[in-house]
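Novice:
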Amino acid sequence: MINIYKPKIVKTNSGTRVTAVFEHNLNENILWYEIDDKYGEYLTDETADGFVVGLLFYALKHGSDMRILAPLSQNLYYSINNYLIPLLVKIHGYKQIKITCNLLRHDPIKNKGAVGTGLSCGVDSFATIIDHLNDDCPEGYKINYFTFFNVGSHGDNGGERARDLFKERAEITRKYAEEVNKEFITVDSNISEILMMNFEQTNTLRSLSAVLILQRLFNVYYYSSSVPITRFKLNKKNTNGYDIFNMSMLSTETIRFYSSCPMMTRVEKTKLVAKYEPSYKYLNVCFYEENNCGKCPKCLRTLLTLEVIGEIRRYSNVFNLEAYYSNRNNFIATIIAKKQSEDNLKEIHNEMLRQNFKIPLSSKIMSIGFKLKLNFKNKFMGKGRVIKLKSMFRTKSIRNEAS
Ligand SMILES: [Zn+2]
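Mind the numbering: the sequence shown is residues 235 to 637 in the working numbering, read in order.
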């Protein structure tokens with residue numbers, strides 16, 4: 235059994251924190267979220283909502299029920315017990331668990347009525363922002379706050395390296411928020427150190443837990459999913475595949491979550507972003523570095539799309555284009571070889587055909603070798619083995635990123 239006690243708001247040397255003690259097998263631990271003092275009044279200690287969502291994967295991992303000794307949103311209590319837990323149990327093969335709480339809250343928490351979204355300055359994040367700049371967007375849905383979290387995207391298991399990276403990256407995105415005159419809230423947390431779980435497999439719940447501790451602020455929050463709804467998938471490897479479901483499950487009486495731009499593919503989002511002038515200065519997609527390296531899979535995917543649609547020259551100040559051009563033909567060969575098995579690559583290939591993009595001869599030749607190699611791997615090593623190797627490679631990369 236995991237007992238979660240009532241959250242408390244405390245001041246620290248670095249900001250204002252909302253903390254909750256939880257007990258698991260008689261061991262006591264504390265989960266905390268911290269923001270700048272300037273926004274301290276928006277931290278929510280009325281309910282344990284953010285803590286329950288933040289610790290849900292922890293409880294599932296340990297097969298432990300959760301007893302909430304603090305008020306909890308009635309909506310969350312009902313949705314998590316009856317829909318979300320059974321679904322996560324099914325996807326991940328966990329044991330069924332249950333949340334109990336005798337203090338259900340039915341009323342919304344009094345708040346500022348703000349509208350927020352996460353700001354990574356990546357393609358998904360910019361697409362969400364641009365999509366809400368239209369004049370026909372009602373006032374109550376226009377974004378006025380950007381957020382930036384340390385809940386796992388800077389290193390799955392957290393720690394000081396991830397925290398340093400979070401701070402460095404926050405300073406880059408803060409500049410954009412200042413330029414467009416919006417509020418910018420960073421949330422630091424020790425959730426990654428507590429969960430010790432793969433980020434992509436748990437990311438939506440981790441991120442939204444950090445929004446749920448700000449229910450005195452937000453009425454509406456857009457979560458930029460990387461997977462369009464047309465590719466909805468109950469996917470063990472990434473929560474984004476079923477985000478549209480997560481959004482309705484995690485909404486409370488106070489805050490409503492939306493999976494933004496649900497119909498748009500990555501290529502369509504990139505086209506939208508390429509028309510937005512601030513992106514020429516702030517677009518940041520890199521998997522490895524603070525600044526866009528130009529040669530990692532995410533940089534290559536974005537730059538090739540921009541080249542195919544004729545907009546790459548606009549991004550010469552924010553990408554290492556030299557690195558891109560030395561790796562580009564090889565990447566095009568990868569796209570040709572893997573387009574049938576990876577939707578993201580297939581999308582770019584389709585756009586190349588649509589735009590009559592000239593595929594270099596060297597890419598065509600290399601793709602033959604890549605295809606043969608891929609077939610060999612699938613035939614003799616089995617698909618599962620290849621995926622395992624890939625994930626080993628990824629873990630190594632992230633360690634490098636954080637170092
Ligand atoms: Zn990169």
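Positions of the beta carbon are idealized from the N, C-alpha and C atoms, including for glycine.
All of these numbers come straight from a predicted model, not from anything done at the bench.
(1) Determine which residues share a DSSP beta bridge with L306 and list them.
(2) Whole angstroms are fine: how far does the CA of T568 sit from the CA of V286?
(3) Can you give me the C-alpha to C-alpha distance between S248 and I599, rounded to a whole angstrom?
(4) Is R500 near S459, with beta carbons less than 9 Å apart?
(5) Decide if V244 is buried, meaning its Cβ has at least 16 other Cβ atoms within 10 Å, or exposed.
(6) With a CB to CB cut of under 7 Å and the five nearest residues on each side skipped, what residues in its chain are close to K471?
(7) Ligand 1 heavy atoms versus the CB of F521: any closer than 8 Å?
(8) Would you say A304 and K240 are within 9 Å of each other, going by their C-beta atoms?
(9) DSSP state of F382, grouped into three classes?
(10) What three-state label does DSSP hand T250 in the structure shown?
(11) Any contact between the segment 274–289 and the segment 446–455? By contact I mean 3 or more CB pairs, one from each, below 8 Å.
(12) What does the alpha-carbon distance come out to for the pair R251 and I566?
(13) Should K503 be listed as close to ligand 1, given that the test is whether its C-beta is under 8 Å from any heavy atom?
(14) Let's see if you can read the secondary structure: which residues bound the beta strand (DSSP E) around F418?
(15) For C530, which of S560, I319, A571 has the nearest alpha-carbon?
(16) Compare the C-alpha of D358 against each of K503, E585, R403, V454 and name the closest.
(17) Once you ignore the five residues that flank N474 on each side, which residues in its own chain have a CB closer than 6 Å to its CB?
(18) At a Cβ threshold of 9 Å, is E581 touching chain B?
(19) Ligand 1 heavy atoms versus the CB of N526: any closer than 8 Å?
(20) Please look up how many angstroms separate the CB atoms of L338 and L294, rounded, as I've assumed it's under 8 Å.
(21) If you compare alpha carbons, which of I238, S354, N261 is closest to Y516?
(22) Using a 10 Å radius around the Cβ and a threshold of 16 neighbouring Cβ atoms, would you call R547 buried or exposed?
(23) Here's a check: name, in chain order, each residue in its chain whose Cβ is nearer than 7 Å to the Cβ of L318, leaving out the five neighbours to either side.
(24) Is K607 close to ligand 1? I mean its beta-carbon at under 8 Å from any heavy atom of the ligand.
(25) Hey, which unbroken runs of the beta strand (DSSP E) at 3 residues or more fall wholly within the segment 445–527?
(26) Grab the span of the beta strand (DSSP E) containing K240 for me, first residue to last.
(27) Assign T253 to buried or exposed, taking buried as 16 or more other Cβ atoms, counted over all protein chains shown, within 10 Å of its Cβ.
(28) Within 8 Å: the Cβ of C355 and any heavy atom of ligand 1?
(29) Keeping to the same chain, check which residues put their C-beta closer than 6 Å to that of L310; ignore five residues upstream and five downstream.
(30) Which of helix, strand or coil does DSSP assign to D346?
(31) Roughly how many angstroms lie between the CA atoms of V349 and P342, to the nearest whole one?
(32) Tell me the DSSP secondary structure of N432 in three-state form.
(33) Please go through the same chain and pick out, in chain order, the residues whose beta-carbon is closer than 7 Å to the beta-carbon of A571, but skip the five residues on each side of it.
(34) One question on the structure: do C495 and D365 come within less than 9 Å of each other, judged by their Cβ atoms?
(35) In terms of residues, what are the limits of the beta strand (DSSP E) holding I264?
(36) Say the cut is 8 Å; is the CB of C495 nearer than that to a heavy atom of ligand 1?
Specialist: Working from what's here:
(1) L338
(2) 42 Å
(3) 56 Å
(4) no
(5) exposed
(6) E434, Q435
(7) yes
(8) yes
(9) strand
(10) strand
(11) yes
(12) 47 Å
(13) no
(14) 417–423
(15) S560
(16) K503
(17) S459, S460, V461
(18) The structure shown contains no chain B; it holds only a single protein chain.
(19) yes
(20) 21 Å between Cβ atoms; not a contact.
(21) S354
(22) exposed
(23) M483
(24) no
(25) 452–458, 490–494
(26) No beta strand (DSSP E) holds K240; DSSP gives it neither H nor E.
(27) buried
(28) no
(29) D283, T486
(30) In the sequence on display, residue 346 carries Lys and not Asp. Looking at K346 - three-state DSSP - the assignment turns out to be coil, as it is neither helix nor strand.
(31) 16 Å
(32) coil
(33) S601, F604, K605, L608
(34) yes
(35) 261–269
(36) no
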